[in-house]
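Mapping the sequence shown onto the numbering used here, position 284 (from 1) lands on 284, and the numbers just tick up by one.
Where is the CB? At the ideal position from N, CA and C, for every residue including glycine.
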Amino acid sequence: MTSGLNDLRMVARQQGGLFSLGQATSVGIPVRTLEHWRTTGWLEAVRRGVYAFAGAPASRWRPSVAAALAAGSDAVLSHRTAGAIHGFHGLALPANPELILPRAPRRRLEGAELHFTGPVDDRDQVIRRGVAVTTPVRTLIDLASCVEAGLLGQILDEGAVRRAWSFEEVDACLRRQPRGRTGGPRLRHLLSLRLGEATPDSRLEQRVIRYLRPLRPFEVHFQLVLDGTVVVLDVAWPAWRIAAEIDGRSYRQISRSAHDRESRKLTLLAAADWKVAHLTATMTASECVSAVMSLLFADSQPVPSY
């Protein structure tokens with residue numbers, strides 16, 4: 001019994017202090033013992049078939065973990081619940097945990113929203129807080145059916161900036177899903193506008209790069225070596241030695257060493273006959289395009305054919 005109790009505590013530690021009836025019996029602790037521990041205050045019944053050791057710290061994730069444990073080993077936390085766990089832009093943890101199940105459970109799961117979409121591919125789930133959760137990419141695909149298009153686009157862009165996914169990874173995962181999924185066409189449309197974009201370093205960079213689409217082709221995060229120093233340009237037209245640097249609010253708050261590196265970078269570029277347009281957060285799309293065009297179409301430059 002002592003060995004089983006230690007094993008159970010180890011399992012519960014990974015699940016925020018929670019464990020299921022099935023997990024307890026699998027390590028040799030009978031139901032009557034659990035009931036005795038509950039009546040003596042050693043355990044707390046969190047849900048039907050789910051317990052917490054007395055004194056285990058409660059957290060805002062407890063209802064979600066408890067619902068997943070109550071639903072069984074095939075259950076995967078999903079949709080808004082998974083989005084909140086992954087920290088998606090604009091999503092709060094819902095009052096009722098959302099889960100994907102391959103089939104309807106034998107017993108009703110109170111206080112939870114269930115989605116019966118078949119088994120979740122192993123590639124589309126990860127373990128978080130001791131239970132299965134849909135991956136960020138799969139979560140995004142599931143959310144396409146239940147969040148409005150504007151928020152879905154913001155989540156899609158924010159995830160790319162955070163390196164949670166690339167647009168190509170989202171496209172690949174979407175292709176694995178059954179055709180006819182609600183929300184699929186909406187997400188495919190949003191992806192069609194973004195596929196082929198380089199992964200940006202910030203939302204500002206993402207926005208400005210989209211402003212500059214009429215001036216394609218260009219290179220994003222273009223690297224060159226000047227006087228033994230690697231220089232990275234936000235956007236570049238290498239054949240013409242023209243670049244655009246995107247300066248956010250933090251640009252004027254950089255440290256002295258960063259300021260010195262930026263000054264040296266600009267000095268090296270000037271010495272190599274590069275011309276740089278500085279684009280800021282306050283500039284409109286037309287202002288960004290005009291700033292670059294003034295360099296691209298200067299008298300000394302050949303006129304491109306776009």
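Query: If you run the structure through DSSP and keep just helix, strand and coil, what is I29?; Result: coil
Query: Should F19 go down as buried or exposed, given a rule of 16 or more other Cβ atoms within 10 Å for buried?; Result: buried
Query: Give the straight-line distance between the Cα atoms of F116 and S286, rounded to the nearest whole angstrom.; Result: 47 Å
Query: Excluding the 5 residues flanking L323 on each side, which residues of the same chain have their C-beta closer than 8 Å to its C-beta?; Result: Because the chain here runs from 1 to 306, residue 323 falls outside it and cannot be looked at.
Query: Identify whether A244 lies in helix, strand or coil by the three-state DSSP scheme.; Result: strand
Query: Using a Cβ-Cβ cut-off of 7 Å (strictly less than) and excluding sequence neighbours within five positions of Q206, which residues of its own chain qualify?; Result: D157, V161 and P200
Query: Where G17 and L224 are concerned, what is the direct C-alpha to C-alpha distance, given to the nearest angstrom?; Result: 53 Å
Query: Which residues does DSSP pair with H36 in a beta bridge?; Result: DSSP, once it has assigned bridges, lists no residue as partnering H36.
Query: In whole angstroms, what separates the C-alpha of A58 from that of M283?; Result: 47 Å
Query: Evaluate R60 with the Cβ neighbour count: other Cβ atoms within 10 Å of its Cβ, from every protein chain shown; 16 or more gives buried, anything less gives exposed.; Result: exposed
Query: T133 and I85 look like a contact to me (Cβ under 8 Å); what is the Cβ gap, rounded to whole Å?; Result: The sequence given here has Val at residue 133, not Thr. Their Cβ separation, rounded to whole angstroms, is 6 Å, which keeps V133 and I85 in contact under 8 Å.
Query: For the 8 Å Cβ check, are there 3 or more pairs between the segment 99–114 and the segment 65–77?; Result: yes
Query: So, with DSSP's three-state summary, where would you put H115?; Result: strand
Query: Where do the ends of the alpha helix (DSSP H) carrying Q206 lie?; Result: R203 to Y211
Query: How is L191 classed by DSSP in three states: helix, strand or coil?; Result: helix
Query: Quick check: does the Cβ of M10 come within less than 7 Å of any heavy atom belonging to the ligand HEM?; Result: Although the ligand HEM was asked about, the structure shown includes no ligands whatsoever.
Query: Taking DSSP as the reference, what is the three-state secondary structure of L43?; Result: strand
Query: Indicate whether the contact test is met: 3 or more Cβ pairs, each with one atom in the segment 171–183 and one in the segment 211–228, closer than 8 Å.; Result: no
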